[in-house]
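Peer 1: Numbering-wise, the sequence shown is residues 1 to 137 according to full-length UniProt numbering.
From the three backbone atoms N, C-alpha and C, an ideal C-beta is built for every residue, glycine too.
The structure follows.
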Amino acid sequence: MVLMEALRLYCPIPELIREASEDIELGNFSIPKGTCVMIPITKIHTSREYWGEDALDFNPLRFADGAAKASAFLPFALGPRTCIGQNFAMLESKTVLALLLQNFSFTLSVDYKHTPVSYISMQPQFGLPVLLHPLCK
């Protein structure tokens, strides 16, 4: 749940660009073949329409029952052109997170402000000031 919420707020790719392979009617819109369409993943991931009034807040519990809003959760894209590294990235992230949780407790600095910015991927504009406390073993 924590990883999914982190991917929602700090998506690896802020937007997708796809070219229409055929003429498409999408609601009241006509998209001619060859038109490039941008899908604003960051905007979808922070939309109050899909995620509620707390859409900008970090709340892992929104994934307690899986991705209830699966069509609005696109950190690795969707469909036949989904990221081929998705499974590896999730496995690697879970492994690192498990190792960290076995050895440390975490405290988020009181100075932290949620300010994502888009470079190549989404990142916290002012870093992520986290205090690590070794666990006694």
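(1) How big is the Cα-Cα spacing for residue 87 and residue 76?
(2) State the beta-bridge partners of residue 25 as determined by DSSP.
(3) Does the Cβ-Cβ distance between residue 123 and residue 130 come in under 8 Å?
(4) Round the Cβ separation of residue 74 and residue 44 to the nearest angstrom and send it over; I've been treating them as touching at under 8 Å.
(5) Do residue 58 and residue 9 come within 8 Å of each other at the CB atom, strictly closer than that value?
(6) Where does residue 11 land, buried or exposed, given buried means 16+ other C-beta within 10 angstroms?
(7) Apart from the five residues just before and just after residue 7, which ones in its own chain have a Cβ nearer than 7 Å to its Cβ?
Peer 2: Well, looking at it:
(1) 10 Å
(2) Partner(s): 30.
(3) no
(4) 7 Å
(5) yes
(6) buried
(7) 75
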